[in-house]
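Note sheet for the following structure.
There are 2 protein chains.
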Amino acid sequence: MKLYITSTSGNAWKVRLLLSMLKQPFETIVLDPDRKEHKAPEFLKLNPRGQVPVLVDGDKVFWDSTACLVYLARKLGGEQWLPTDAAGMAEVQQWLALSNNELHYGLQWGRGKKIGIRAIGDYEEYAMYGRNGLAVLEGRLKNNEWLACGRPTIADIACYCYTSVAPEGGFDLAAHPSVAAWVKRVEALPGWVKRV
Amino acid sequence: MKLYITSTSGNAWKVRLLLSMLKQPFETIVLDPDRKEHKAPEFLKLNPRGQVPVLVDGDKVFWDSTACLVYLARKLGGEQWLPTDAAGMAEVQQWLALSNNELHYGLQWGRGKKIGIRAIGDYEEYAMYGRNGLAVLEGRLKNNEWLACGRPTIADIACYCYTSVAPEGGFDLAAHPSVAAWVKRVEALPGWVKRV
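Residue numbers (the numbering used here), protein chains in the order written: chain A, 1 to 196; chain B, 1001 to 1196.
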């Protein structure tokens, strides 16, 4: 397998984490966003959205971090990381959606404004949305070790990355003690790897 | 089953469409957003995000439109609307992600600014993102009747709703003829229902 990433992409980190936890060897191709390599014609043939991550497995190509997570979980993870029964799969999907919405457009875009990698948009708008996401996570994790199905799933991987770096965006994890404890639990999973 | 909606929610429309196409009877509970019924304590117990749709099936409760689509497809749709093999499921997931990103935060938020239901944010920022989404759809649909797996799946349902109303947001579907033709194909599927 080949994984296209940029060195700083949190969405690519999600896929690197699962590949490592599943002990799947893979080749990494690092694109340079400063040279717009993610918008180059050759790369747009793999992903017309012009974003990392992209996962290539033989003749199959998948863009979007959640699609990559679903592919790896189904191909290599049995029922553990993504169950196939209706209720279990939908429970995981809820948290993939939170990661795609409040955590990405809230926590991550707020962090982007704060650390200067996002030029447009309004910090307070993003921050308000991100704080909603943290409150939803806290509500769930107050009485549960993991987000879905009572065990680590791709729901945890998808929500972990931008939550763990949220303090760089001015979000206080100490005010969300169950979230802070869950971040540490994810980091203690066998195969966890650092951001860069 | 019970489905919580607001009369104008496009995300709730996605779930109504699939319920109808699957011929699943359900009770509709219409919340009034002007009276903040989606932020009332009783509703927040069902969905801490304070959003519709919410689907209730016996003692199971699911929030988020993509999670509701996954639940219904897996429970009632066999392999048709969401296959369980790794590649097929990931292919569908890619388009659920597009619907959660470019189509929601681009097309729909742009439309929200245009028709006056979204107070904050910048139209051009949303519109640029939405146009990217339309271009990705057009690229796929130029040579494919459906978004994933060569047949109608929840990928089409998820992407259809905010695309079909995008002209209200100033997006020209005539400039994307394959998208416009696909919108008509979705509307010809047995069980299709109108927005309101």
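Glycine is no exception: its CB is placed at the ideal position from the N, C-alpha and C atoms.
- Message: Give me the residue from A:Pro190, A:Ile115 and A:Ala148 with the minimum Cα distance to Thr8 of chain A.
- Response: As a working mapping, residue 8 of chain A is identified with position 8 in the first sequence. Comparing Cα positions, the closest option is A:Ile115.
- Query: Closest by CA to Gln108 of chain A, which one among A:Leu147, A:Trp63 and A:Val165?
  - Reply: The count along the first sequence starts at 1 and reaches residue 108 of chain A at position 108. When each option's Cα is compared against that of Gln108 of chain A, the closest is A:Val165.
- Task: Mind checking which residues open and close the alpha helix (DSSP H) that includes Lys1014 of chain B?
- Result: Indexing the second sequence from 1 puts residue 1014 of chain B at position 14. Counting along the chain, the alpha helix (DSSP H) containing Lys1014 of chain B begins and ends at Gly1010 to Met1021.
- In three-state DSSP terms, what is Val52 of chain A? Taking the first sequence and counting its residues from 1, one reaches residue 52 of chain A at position 52. Val52 of chain A falls in the coil class under three-state DSSP.
- Query: At what residues does the alpha helix (DSSP H) containing Thr1066 of chain B begin and finish?
  - Reply: As a first step, residue 1066 of chain B is located in the second sequence; it is residue number 66 there, counting from the start. Looking at the DSSP string, the run of the alpha helix (DSSP H) that includes Thr1066 of chain B is Ser1065 to Leu1076.
- Quick one: list the residues of chain A neighbouring Thr1084 of chain B, beta-carbon separation under 7 Å, in chain order. For the purposes of this step, residue 1084 of chain B is taken as the residue at position 84 of the second sequence. Near Thr1084 of chain B (Cβ distances below 7 Å), the residues of chain A are Thr84.
- Query: Interface residues of chain B around Met89 of chain A at Cβ under 7 Å?
  - Reply: On the first sequence, position 89 is the one that residue 89 of chain A refers to. Chain B residues near Met89 of chain A: Val1070 and Arg1074.
- Are the segment 183-193 of chain A and the segment 1034-1046 of chain B touching by the rule of at least three beta carbon pairs closer than 8 Å? no
- Task: Would you mind telling me which residues of chain C sit closer than 9 Å to Thr1153 of chain B, beta carbon to beta carbon, in chain order?
- Result: Although the question refers to chain C, the structure presented lacks it and instead comprises the protein chains A and B.
- Message: Could you check whether Gly1130 of chain B and Gly1106 of chain B sit closer than 7 Å to each other, using their CB atoms as the reference points?
- Response: As a working note, residue 1106 of chain B is residue 106 in the second sequence. As a working note, residue 1130 of chain B is residue 130 in the second sequence. Yes, Cβ-Cβ distance for Gly1106 of chain B and Gly1130 of chain B is below 7 Å.
- Item | Presumed contact (8 Å Cβ cut-off) between Ala148 of chain A and Glu91 of chain A, rounded CB distance | In the first sequence, residue 148 of chain A corresponds to position 148, counting from 1. In the first sequence, residue 91 of chain A corresponds to position 91, counting from 1. Right, their Cβ atoms sit about 4 Å apart.
- Cβ atoms of Cys1159 of chain B and Trp1063 of chain B: under 7 Å apart, would you say? Here residue 1063 of chain B corresponds to residue number 63 of the second sequence, with the count starting at 1. Here residue 1159 of chain B corresponds to residue number 159 of the second sequence, with the count starting at 1. No, these two residues do not count as a Cβ contact at 7 Å.
- Sort out for me which residues DSSP pairs Tyr1004 of chain B with in a bridge. Taking the second sequence and counting its residues from 1, one reaches residue 1004 of chain B at position 4. Paired residues: B:Ile1029 and B:Val1054.
- Message: Under 8 Å: do the segment 70-86 of chain A and the segment 1063-1079 of chain B share three or more Cβ pairs, one atom per stretch?
- Response: yes
- Taking Met89 of chain A and Val1070 of chain B to be in contact with their CB atoms under 8 Å, please state how far apart those CB atoms are, rounded to whole angstroms. In the first sequence, residue 89 of chain A corresponds to position 89, counting from 1. In the second sequence, residue 1070 of chain B corresponds to position 70, counting from 1. Distance from Met89 of chain A to Val1070 of chain B at the Cβ level is roughly 6 Å; contact confirmed, criterion being Cβ atoms closer than 8 Å.
- Residue-chain proximity (Asp64 of chain A, chain B), Cβ-Cβ < 7 Å: Counting from one through the first sequence, the residue named residue 64 of chain A turns up at place 64. Asp64 of chain A counts as touching chain B.
- Query: Given a threshold of 16 other Cβ atoms within 10 Å of its Cβ, counted over all protein chains shown, does Asn1011 of chain B qualify as buried or as exposed?
  - Reply: As a first step, residue 1011 of chain B is located in the second sequence; it is residue number 11 there, counting from the start. Its Cβ being crowded by 16 or more others within 10 Å, Asn1011 of chain B is buried.
- Item | Inter-residue Cα distance where the pair is Trp1146 of chain B and Gln1093 of chain B | Sequence index remark: in the second sequence, residue 1146 of chain B carries index 146 (1-based). Sequence index remark: in the second sequence, residue 1093 of chain B carries index 93 (1-based). C-alpha separation (whole angstroms): 14 Å.
- Item | Inter-residue CB distance, Leu1103 of chain B and Gly1133 of chain B (contact presumed, cutoff 8 Å) | Taking the first residue of the second sequence as position 1, residue 1103 of chain B is located at position 103. Taking the first residue of the second sequence as position 1, residue 1133 of chain B is located at position 133. Leu1103 of chain B to Gly1133 of chain B, Cβ: 5 Å. Contact.
- Which residue or residues does DSSP assign as beta-bridge partners of Lys1060 of chain B? Here residue 1060 of chain B is taken as the residue at index 60 of the second sequence, counted from 1. According to the DSSP secondary-structure assignment, Lys1060 of chain B is paired through a beta bridge with B:Asp1057.
- Taking the continuous alpha helix (DSSP H) assigned at Phe43 of chain A, which residues delimit it? Residue mapping note: residue 43 of chain A aligns to position 43 of the first sequence, counting from 1. Phe43 of chain A -> alpha helix (DSSP H) spans Pro41 to Leu46.
- Query: Within 7 Å (strictly less), CB to CB, does Asn1100 of chain B reach chain A?
  - Reply: Locating residue 1100 of chain B in the second sequence gives position 100, where the first residue counts as 1. So yes, Asn1100 of chain B belongs to the interface.
- Message: Which residues in chain A have a C-beta closer than 9 Å to the C-beta of Asn1144 of chain B? List them in chain order.
- Response: What you label residue 1144 of chain B is simply residue 144 of the second sequence in a count that begins at 1. The premise fails here: Asn1144 of chain B is roughly 13 Å from chain A at the closest Cβ pair, so nothing lies under 9 Å.
- Contacting residues, own chain, Cβ-Cβ under 6 Å from Ser1099 of chain B (five flanking each side not counted): Indexing the second sequence from 1 puts residue 1099 of chain B at position 99. Sequence-distant partners of Ser1099 of chain B (beyond 5 residues in either direction) whose C-beta falls short of 6 Å from its own C-beta, in its chain, are Ala1158 and Cys1159.
- Considering only residues of the same chain and omitting the five flanking positions on each side of Asp57 of chain A, which have a CB-CB separation below 6 Å? Taking the first residue of the first sequence as position 1, residue 57 of chain A is located at position 57. Shown here for Asp57 of chain A: same chain residues with a beta carbon closer than 6 Å to its own, the five before and five after excluded, namely Met1 in chain order.
- Message: If I measure Cβ to Cβ from Val61 of chain A and keep anything under 7 Å in the same chain, skipping five residues before and after, which residues do I get?
- Response: For the purposes of this step, residue 61 of chain A is taken as residue 61 along the first sequence, with counting starting at 1. Result list for Val61 of chain A: Leu46 and Val54, in chain order.
- Message: Distance cutoff 7 Å, beta carbons only. Does Ile120 of chain A sit that close to anything in chain B?
- Response: On the first sequence, residue 120 of chain A is found 120 positions in, with the first residue counted as 1. Answer yes: the Cβ-Cβ gap between Ile120 of chain A and chain B drops below 7 Å somewhere.
- Message: I'd like the list of long-range same chain contacts for Phe1026 of chain B, defined as Cβ closer than 7 Å, with 5 residues on each side in sequence excluded.
- Response: In the second sequence, counting from the first residue as 1, residue 1026 of chain B sits at position 26. Once the five neighbours on either side are set aside, the close Cβ partners of Phe1026 of chain B are Met1001, Lys1002, Leu1003 and Leu1019.
- Query: Which bits of chain B does Gly139 of chain A rub up against, with CB to CB less than 8 Å?
  - Reply: On the first sequence, residue 139 of chain A is found 139 positions in, with the first residue counted as 1. Here the neighbours are Pro1048.
- Message: Quick test of your reading: Leu1022 of chain B and Val1193 of chain B, contact by CB under 8 Å. State the CB separation rounded to the nearest angstrom.
- Response: Here the question's residue 1022 of chain B lines up with position 22 in the second sequence. Here the question's residue 1193 of chain B lines up with position 193 in the second sequence. That belief does not hold up - the Cβ atoms of Leu1022 of chain B and Val1193 of chain B are roughly 12 Å apart, past 8 Å.
- Sequence-distant residues of the same chain with beta carbon closer than 7 Å to Arg1118 of chain B, five excluded per side: Counting from 1 along the second sequence, the entry for residue 1118 of chain B is found at position 118. So the qualifying residues of the chain are Trp1109 and Gly1112.
- Task: Report the three-state DSSP secondary structure of Lys194 of chain A (helix, strand or coil).
- Result: The residue labelled residue 194 of chain A in the question sits at position 194 within the first sequence. Lys194 of chain A falls in the coil class under three-state DSSP.
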